[in-house]
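Note sheet for the following structure.
There are 4 protein chains.
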Amino acid sequence: MLEQLKKEVYEANMQLPKLDLVTFTWGNVSGIDRDQGLFVIKPSGVDYDKLQPEDLVVVDLTGKVVEGKLNPSSDTPTHTYLYNHFPKIGGIVHTHSPWAVAFAAAKMDIPALNTTHADTFYTDVPAADALTKEEIEEDYEGNTGKTIVRTFNERHLDYEATPGSLVSQHGPFCWGETPAKAVYNAKVLEVVAEEDYHTLQLTRSDSHLPQYLLDKHYYRKHGENAYYGQNNAQSKTHAKRK
Amino acid sequence: MLEQLKKEVYEANMQLPKLDLVTFTWGNVSGIDRDQGLFVIKPSGVDYDKLQPEDLVVVDLTGKVVEGKLNPSSDTPTHTYLYNHFPKIGGIVHTHSPWAVAFAAAKMDIPALNTTHADTFYTDVPAADALTKEEIEEDYEGNTGKTIVRTFNERHLDYEATPGSLVSQHGPFCWGETPAKAVYNAKVLEVVAEEDYHTLQLTRSDSHLPQYLLDKHYYRKHGENAYYGQNNAQSKTHAKRK
Amino acid sequence: MLEQLKKEVYEANMQLPKLDLVTFTWGNVSGIDRDQGLFVIKPSGVDYDKLQPEDLVVVDLTGKVVEGKLNPSSDTPTHTYLYNHFPKIGGIVHTHSPWAVAFAAAKMDIPALNTTHADTFYTDVPAADALTKEEIEEDYEGNTGKTIVRTFNERHLDYEATPGSLVSQHGPFCWGETPAKAVYNAKVLEVVAEEDYHTLQLTRSDSHLPQYLLDKHYYRKHGENAYYGQNNAQSKTHAKRK
Amino acid sequence: MLEQLKKEVYEANMQLPKLDLVTFTWGNVSGIDRDQGLFVIKPSGVDYDKLQPEDLVVVDLTGKVVEGKLNPSSDTPTHTYLYNHFPKIGGIVHTHSPWAVAFAAAKMDIPALNTTHADTFYTDVPAADALTKEEIEEDYEGNTGKTIVRTFNERHLDYEATPGSLVSQHGPFCWGETPAKAVYNAKVLEVVAEEDYHTLQLTRSDSHLPQYLLDKHYYRKHGENAYYGQNNAQSKTHAKRK
Chain A
1 MLEQLKKEVY EANMQLPKLD LVTFTWGNVS GIDRDQGLFV IKPSGVDYDK LQPEDLVVVD
61 LTGKVVEGKL NPSSDTPTHT YLYNHFPKIG GIVHTHSPWA VAFAAAKMDI PALNTTHADT
121 FYTDVPAADA LTKEEIEEDY EGNTGKTIVR TFNERHLDYE ATPGSLVSQH GPFCWGETPA
181 KAVYNAKVLE VVAEEDYHTL QLTRSDSHLP QYLLDKHYYR KHGENAYYGQ NNAQSKTHAK
241 RK
Chain B
1 MLEQLKKEVY EANMQLPKLD LVTFTWGNVS GIDRDQGLFV IKPSGVDYDK LQPEDLVVVD
61 LTGKVVEGKL NPSSDTPTHT YLYNHFPKIG GIVHTHSPWA VAFAAAKMDI PALNTTHADT
121 FYTDVPAADA LTKEEIEEDY EGNTGKTIVR TFNERHLDYE ATPGSLVSQH GPFCWGETPA
181 KAVYNAKVLE VVAEEDYHTL QLTRSDSHLP QYLLDKHYYR KHGENAYYGQ NNAQSKTHAK
241 RK
Chain C
1 MLEQLKKEVY EANMQLPKLD LVTFTWGNVS GIDRDQGLFV IKPSGVDYDK LQPEDLVVVD
61 LTGKVVEGKL NPSSDTPTHT YLYNHFPKIG GIVHTHSPWA VAFAAAKMDI PALNTTHADT
121 FYTDVPAADA LTKEEIEEDY EGNTGKTIVR TFNERHLDYE ATPGSLVSQH GPFCWGETPA
181 KAVYNAKVLE VVAEEDYHTL QLTRSDSHLP QYLLDKHYYR KHGENAYYGQ NNAQSKTHAK
241 RK
Chain D
1 MLEQLKKEVY EANMQLPKLD LVTFTWGNVS GIDRDQGLFV IKPSGVDYDK LQPEDLVVVD
61 LTGKVVEGKL NPSSDTPTHT YLYNHFPKIG GIVHTHSPWA VAFAAAKMDI PALNTTHADT
121 FYTDVPAADA LTKEEIEEDY EGNTGKTIVR TFNERHLDYE ATPGSLVSQH GPFCWGETPA
181 KAVYNAKVLE VVAEEDYHTL QLTRSDSHLP QYLLDKHYYR KHGENAYYGQ NNAQSKTHAK
241 RK
């Protein structure tokens, strides 16, 4: 079942080592078929150089395994939570990429300091609250999704315009319209985290981008007035936010 | 048309990933035929591993596409502006190379602190002013060229002796006599930015090079008294500046 | 003799350059056969690209060479000491990996600041005391093992739950149930050291993980309630520590 | 002439890009035949991937080219000066390796903070004084050698025990018994510079190694009591310094 989606999710997973986003097995990508309400995810702890498309596990939106001989990623409840609460996303990726982890451990947002950031993320990328003792013991991975969603709600962030979040003390989760797009966003976040780290050491001035520059770069690439690339207005669902 | 120039510009573009200057499609190189008043530039958003010489777009000095099936780089108006105002340059490169971006985001010049810098850049590499809201909304990419040229004029910089600039909050633009030379200069800038970052963390003393050392290293490689390499006095147009 | 173990130790040694943990010959892995009381170790100063399984040296638990034409690693007395005092370990690795060395030179523990750390190391990784003049002159390499064991005793650390240590002014030693697992732990330590360095530059707040998060991540992967990977409860000897 | 030495010097030059010590053509290695009083050096500005053994230039100890169709490295007078004043060295390497350059630009010694350093360099690696205006204009490259030798004399350093130096505002020069050994030392210096940079950011305590640890590590590898590697007492000329 879901052979095409498995192929997409497999290929998105295999991009993680190619883009230097994972060490060992520390990452996972999933992709969803919204019509069937099923998502496909990497099995837990399998080496990337041994991973095969048929190893992927199919899970429903209650988190139950529907097909697959292997255990799904231990982060499956986080993916389930995010798919249920961010209804327009098609793929999710979690990594322990080191620059994003450095910010997550410091419980710091990745600030929007340059146009590389603004091309993909319309705002600072938040560091969602660390989980409490109760949240960890009750349902660690599910509540990891919950703290992300809660943070987006509290800060009035649009998950389509800011397609990723840190979880404090842990690391980054990114998402997108497709599994491939989610991985692209995860790489952007890592690159931007590295650049921001260095900028923050160079200056003590607040060097956040002004809103009009965020608007300009974001809408060069997204929405009906986009003019970057070969498919202008490629993403008509992103109408200009005021 | 311009087959030889397309080949040069294609090869210069393909150097960007080889020299670790780009992630994904975040860079572009152009080259100009001054006799015909036409330049050749990378198409917008095309992957480097799919780029072919015939994909390149030919543009005139008003910024109008003269040949090509694909959209030119969205940064084309910046290239156009620079070719019009820096009449001796033959190639331009824009990247989002991460060390240069870190300085651009901090709105800091890349200071001349070592001889690696002085071999290629005769002065600090300036961080041109960030664009105002009006400049961004009126003509973002064109005004990106304008802020560079204005900065060079205000600071009395010679664009041949300082073949590159940062644009604050954005990233680096470099140029040179040829597209290949522009890419070479972009790599030097990235290497020097990394070195300078570390030097600035090591010491709080002002460690700018003295003018006589800048002179020595720059004129070892440039001008009629050059003695580096196998083609001495290779660049006779760079007479010694006082 | 010990052909299977030699193969394992050889392969674990060859992982060091693949995982970017060594420059030149600056590392060594050993593995022990507890029944025979013999361990196999890399010969001293041999290039990784010339190393062959038959070059490995067999040593007994008094540190005496039992088989081998080459000198064993000059760090052999450290391995001997650790095998004698940490009776459940099956492999040891020493490297000069640069991020771990940076902490060792600063005489700083590698603090538990993120879940990447907690997945493998249950506590901060200690920087064992630098050796005194007397210890260095008496038996440098043996006393290098002694300072590690003494530090674990003084701090009441469990060497199975914290499978590695720095030696101040020198570098990291890691261990594990097998030579391969020791190398895995050495790579985790290096990755975590890099992440921690950046976190410590980003914030002056104490961002140590709380104990309940250390528990959660460590016991996701270890002990009878483990649920990460395909072999749950893979390591039954790690009962939950209170 | 000097075919064997040319081969050695060629191979040592080709190690520079393999060890990530050069960008573009920014490095050069030479080697000397002491009996004939002639040294072989890389030609100026030739790409490493085009360099052939027969391109190397033979120079005498007055700096005069004796054989070769190409210009020798522009740094030839520095090599000449060093060969004349450090009579026991057999090879010299100059690079612009970025971590060493960062210290040179800050005019800071590379301090002896860890045993990786002590295995190769018996003391801090000095940052020789920057050249004065007069020295630069009179004989830049020759005086670059002179500032190194003067610094070693003023600080009573032994050039065999400390086989390298920074030149302030410029970069590193290393040397050794052979061209290959000089390149080895240049790589050690770069690795140690990177580690030291991070240690210096982690702590404000003085973490210099004590003399007894410098002695221990240096004499494990050098002198009649050496016991590292397969050729003990490999370097009998290094008797223990008091």
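Just so you know, the protein sequences line up as chains A, B, C and D, in that order.
Residues in the first sequence are numbered from 1 upward in steps of one, following full-length UniProt numbering.
Residues in the second sequence are numbered from 1 upward in steps of one, following full-length UniProt numbering.
Residues in the third sequence are numbered from 1 upward in steps of one, following full-length UniProt numbering.
Residues in the fourth sequence are numbered from 1 upward in steps of one, following full-length UniProt numbering.
Here a beta-carbon is modelled for each residue, glycine too, at the ideal position from N, C-alpha and C.
Fair warning: this is a prediction, and the values are worked out from it, not measured in the lab.
Query: Buried/exposed call for residue 8 of chain C, threshold 16 Cβ in 10 Å; Result: buried
Query: C-alpha distance - residue 21 of chain A paired with residue 49 of chain A, whole-angstrom precision; Result: 15 angstroms
Query: Local conformation of residue 127 of chain D per DSSP, three classes; Result: strand
Query: Min CB distance residue 97 of chain B to chain A below 7 angstroms; Result: no
Query: Assigned exposure category for residue 111 of chain D - 16 Cβ within 10 Å defines buried; Result: buried
Query: Through-space distance from residue 115 of chain A to residue 216 of chain A, alpha-carbon basis; Result: 9 angstroms
Query: Residue 161 of chain B to residue 186 of chain B span [Cα, whole Å]; Result: 14 angstroms
Query: Proximal residues of chain A, C-beta to C-beta of residue 187 of chain C below 8 angstroms; Result: 23, 24
Query: Which residues DSSP lists as bridging residue 67 of chain A, in chain order; Result: A/58
Query: For residue 219 of chain A, the nearest candidate out of A/156, A/178, A/120, A/174 (CA to CA); Result: A/120
Query: Neighbourhood of residue 105 of chain B by C-beta distance below 7 angstroms, restricted to the same chain and skipping five residues each side; Result: 169
Query: Cβ contact check for the stretch 181-198 of chain D and the stretch 11-31 of chain D: 3 or more pairs under 8 angstroms; Result: yes
Query: Range covered by the alpha helix (DSSP H) that runs through residue 217 of chain A; Result: 211-221
Query: Span separating the alpha-carbon of residue 159 of chain D from that of residue 117 of chain D; Result: 15 angstroms
Query: Cutoff 7 angstroms: residue 207 of chain B Cβ touching any chain D Cβ; Result: yes
Query: For residue 91 of chain A: DSSP bridge partner residues; Result: A/31, A/176
Query: Test: residue 219 of chain D CB closer than 7 angstroms to a CB of chain C; Result: no
Query: Residue nearest to residue 34 of chain C in terms of C-alpha spacing, selected from C/26, C/165, C/52, C/59; Result: C/59
Query: Exposure label - residue 37 of chain A; buried when at least 16 CB within 10 Å; Result: exposed
Query: Cα-Cα separation, residue 129 of chain A to residue 148 of chain A; Result: 8 angstroms
Query: Whole-angstrom distance between residue 19 of chain C and residue 47 of chain A, CA atom to CA atom; Result: 15 angstroms
Query: Residue 58 of chain B at chain A interface by Cβ criterion, 7 angstroms; Result: no
Query: Beta-carbon proximity of residue 90 of chain D to residue 178 of chain D, cut-off 7 angstroms; Result: yes
Query: Residues of the stretch 121-138 of chain B whose Cβ lies closer than 8 angstroms to any Cβ of chain A, in chain order; Result: 130, 131, 133, 136, 137
Query: Extent of the continuous alpha helix (DSSP H) run through residue 101 of chain D; Result: 98-105
Query: Same chain, Cβ closer than 8 angstroms to residue 199 of chain B, five either side skipped, listed in chain order; Result: 113, 114, 207
Query: Residues of its chain near residue 146 of chain B, where Cβ-Cβ distance is below 8 angstroms and the 5 sequence neighbours each way are ignored; Result: 81, 135
Query: Continuous alpha helix (DSSP H) stretch holding residue 38 of chain B: start and end; Result: Run containing residue 38 of chain B: none in the alpha helix (DSSP H); it sits in the beta strand (DSSP E), 38-41.
Query: Expected contact under 8 angstroms - CB spacing of residue 126 of chain B and residue 150 of chain B to nearest Å; Result: Not really, about 11 angstroms apart at Cβ, beyond 8 angstroms.
Query: Cutoff 7 angstroms: residue 170 of chain C Cβ touching any chain D Cβ; Result: yes
Query: Nearest-angstrom Cα separation, counted from residue 65 of chain A out to residue 230 of chain C; Result: 15 angstroms
Query: DSSP three-state assignment for residue 45 of chain A, whether helix, strand or coil; Result: coil
Query: Beta-bridge partners of residue 167 of chain B, as assigned by DSSP; Result: B/128, B/171
Query: Beta-carbon neighbours of residue 91 of chain C, restricted to chain F and to distances below 8 angstroms; Result: The question asks about chain F, but that chain is absent: this structure's protein chains are A, B, C and D.
Query: Straight-line gap, residue 87 of chain D to residue 78 of chain D (C-alpha atoms, nearest Å); Result: 14 angstroms
Query: Residue 77 of chain A - DSSP class collapsed to helix/strand/coil; Result: helix
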